[in-house]
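Chemist: Residue numbers (the numbering used here): 308 to 813.
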Amino acid sequence: MAAQLLRLRISLLLASARGDRRAAVRSVLGGVLLGLGAVLIWPLAGALSRESGALTTFAVLLGTAVTASFFLMPVLTRAEDPLDPRRFAVIGVAPLPLAAAVFGASFLSVPVVATAIAAAGIAASAGLGVVTAVLAVLIALATAVGAARLGFALAAQLPRRRRPSLVVVVAVLLAAAPAAAAVGALTGVPPTGAVDAAASALVVSPLAAPWALLSGGGDAWAVAVITLVVTLAAWAAVTVGLLRAPARRPVPRRAGLGWFGVMPGNPAGAIGARSMIYWLHDRRYLTNIAIVPVAALLVTLPPLVAGVPAELVALIPVPLAALFLGWLPHDDVAYDHTAIWMHVAAGVRGAADRAGRLVPILLFGTPVLVVGAVLASTLSGQADLLPALLGVSAALFLGGLGLSSIASALAPYAVTRPGDSPFRQPQRAGSSGVWSQALVLLGALAAAAPSLWWGVRALSGDAGAADAALALGLGAGLVLLVAGIFAGGAIFARRGTRLLEHAEMV
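1. Pull up the distance between the alpha-carbon of P757 and that of V537, whole angstroms please.
2. Is the CB-CB distance between L710 and G750 below 8 Å?
3. Which of the three DSSP states is assigned to A770 in this structure?
4. By DSSP, does A718 sit in helix, in strand, or in coil?
5. Could you spell out the range, first to last residue, of the alpha helix (DSSP H) harbouring V666?
6. Can you tell me whether DSSP reads A653 as helix, strand or coil?
7. Suppose contacts are defined by Cβ-Cβ distances below 8 Å. Is V419 in contact with L448 by that definition?
8. Among D638, I533, G565, which one has its Cα closest to the Cα of L806?
9. My output table needs one value for G706: the three-state DSSP class, helix, strand or coil.
10. What is the rounded straight-line gap between the Cα of R555 and the Cα of A396?
11. Output the residue ranges of the alpha helix (DSSP H) runs that lie fully inside the region 579 to 616 and measure 4 residues or longer, sorted by chain position.
12. Starting from D391, trace the alpha helix (DSSP H) both ways and give me its first and last residue.
13. Do L520 and W528 have their beta-carbon atoms positioned less than 8 Å apart in this structure?
14. Please classify T422: is it buried, with 16 or more other beta-carbons within 10 angstroms of its beta-carbon, or exposed?
15. Just the C-alpha distance for A255 and V601, rounded to the nearest angstrom, thanks.
16. If contact is defined by three or more beta carbon pairs under 8 Å, each pair taking one atom from either stretch, is the region 423 to 440 in contact with the region 567 to 574?
17. If you draw a straight line from the C-alpha of A575 to the C-alpha of S687, how long is it?
18. Can you check whether the CB of G803 is closer than 8 Å to the CB of V681?
19. Which of the three DSSP states is assigned to P350 in this structure?
20. Taking 8 Å as the cut-off, decide whether the C-beta atoms of L362 and A352 are in contact.
21. Return the CA-CA distance between A597 and F793, expressed in angstroms with no decimal places.
22. Which term fits L696, buried or exposed, when burial requires 16 or more other beta carbons within 10 angstroms of its beta carbon?
23. Specify the secondary structure class of V510 as computed by DSSP and reduced to three states.
24. For the candidate residues F365, A690, A372, whose alpha-carbon lies nearest to that of L622?
25. Enumerate in chain order the residues of its own chain whose CB-to-CB distance from A683 is below 8 Å, with the five nearest sequence positions on each side excluded.
26. Buried or exposed: which applies to P609, given that a residue is buried once 16 or more other Cβ atoms fall within 10 Å of its Cβ?
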């Protein structure tokens, strides 16, 4: 089976260069560029090896980008997987042998060969022994191939819609960090220290540990091996699931109520269940949620490049994510479009409508912010700042939700219609959307100002300031949340017909 798959893989590679002329040119040109980039790693790694710690920093950041690319590119490009295990289900091969054969055949690809050349260049420049270098390269390649296999499996479950612009943006972002490390080490520019700090935090991460081995990072062996084992186990489980999925979908004798059976049996619970279904299945909501952590992390890049200490930058993403999460429902009514008629016709109390709409974002945002605050305080090396970080985040998140409850009933504006692309924005008449967005953001910042002030004092070493920040932030957030629900509810009850007219016009 393995030999047959290898021959099939070679035939597919050769066919890509003999098919449509334009596609063949793209394939050959892409392969040449990847090969040139991989070859250039050799002299670059040699130059970095002469700078103390520079090669390890570069290898860690490059490895993070490469491994992430192997997983993300199949998902973003929605490329068809030529070695999809389901293609071989008809020949009756057992799942585990098939998983092993597909995994082995996946090594025959241009990106994997280019990665092998680059990894070998780093290992050679680090002066590793032959056995150690070979093992490190194999672990790095196997982890990357496993990530690609999981990426293809995920892409197969998603709608086949390609976004070339998004692929380019992600590729540039992934390449920026190792490029900055190389330029900083060779030129001695100030951002070198910040880049080194970021690499130190990533060196024992699953994405970077296999590549840390290539530069002589002996402490990363355990993480690298565990990562490879988990990746292989995940691929085996995915293969089994793909092959057995059709047989494990019996028609249930009794259908459940889903979220309607979980939520309380009252108007707020019913609206909360409906909102959960919308948030989990509507691409507009999913896109908004996905953008929040990405935006919060991207904001940390300029301070790092400017030389701000990494332990301070680590405290930025969580409050920023809290601000964005609290701001998300500020136009929730408009996302319903004409479905808002159900709420108006049923005579639902305004407070019940406002509270029910906040259920999804509360269920998602609360654990994310708590876990993020714990991680941020740990990474910054200042665990005593956790209460302050939680207080500031609570004020921004809960206060933003309260203000969003008012804004969505008072000043809804046109948004993407259900079923349309989340990135398509309709034309809006007037400026109500602009000021409602701004007021929610500014109001949340004002609500968090006291806790933020005490948080700054805690950062300066003031004992007890962190607890004060937690109490003030949580208190202000809860008060504003409850007030926003009832005030927004009153506005919703008074303007129900106007909201329905707005939905019909947009």
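All C-beta atoms, glycine included, are put in the ideal place defined by N, C-alpha and C. Predicted, not measured: the structure shown is a model, and the values here were computed from it.
Modeler: Quick answer:
1. When the Cα atoms are used, P757 and V537 turn out to be separated by approximately 45 Å.
2. Against a cut-off of 8 Å, the Cβ pair of G750 and L710 comes out as a contact.
3. Residue state, collapsed to three classes: coil.
4. Residue state, collapsed to three classes: coil.
5. Looking at the DSSP string, the run of the alpha helix (DSSP H) that includes V666 is 666 to 686.
6. Judged by DSSP in its simplified three-state form, A653 adopts coil rather than helix or strand.
7. Yes, these two residues count as a Cβ contact at 8 Å.
8. Looking at the Cα atoms, D638 is the closest of the given residues.
9. DSSP places G706 within a helical segment (H, G or I) once states are collapsed to three.
10. Caution applies to R555, whose pLDDT of 41 falls short of 50 and renders its modelled position unreliable; the value that the coordinates give is listed next. If I take the Cα positions, the gap works out to 15 Å.
11. Those alpha helix (DSSP H) runs which fall completely within the region 579 to 616 and span 4+ residues are 590 to 605, 608 to 612.
12. Element bounds for D391: n/a, residue is neither H nor E.
13. Going by C-beta atoms, W528 is nearer than 8 Å to L520.
14. Counting of Cβ neighbours within 10 angstroms places T422 among the buried residues, the total reaching 16 or more.
15. As displayed, the chain neither begins before 308 nor continues past 813, which places residue 255 out of reach and without an answer.
16. Contact fails: fewer than three Cβ-Cβ distances are below 8 Å.
17. Straight-line Cα distance between these residues: approximately 40 Å.
18. Not closer than 8 Å, so no.
19. Looking at P350 - three-state DSSP - the assignment turns out to be helix.
20. Yes.
21. Cα to Cα, the separation comes out at about 29 Å.
22. Under a 10 Å Cβ-count criterion, L696 is classified as buried, with 16 or more other Cβ atoms of the shown protein chains found around its own Cβ.
23. Coil at V510, not helix or strand.
24. It is A690 whose Cα lies nearest to the Cα of L622.
25. In chain order, A621, L622, P624, V625, L696 place their CB closer than 8 Å to the CB of A683, counting only its own chain and leaving out the 5 sequence neighbours on each side.
26. Per the 10 Å Cβ criterion, exposed.
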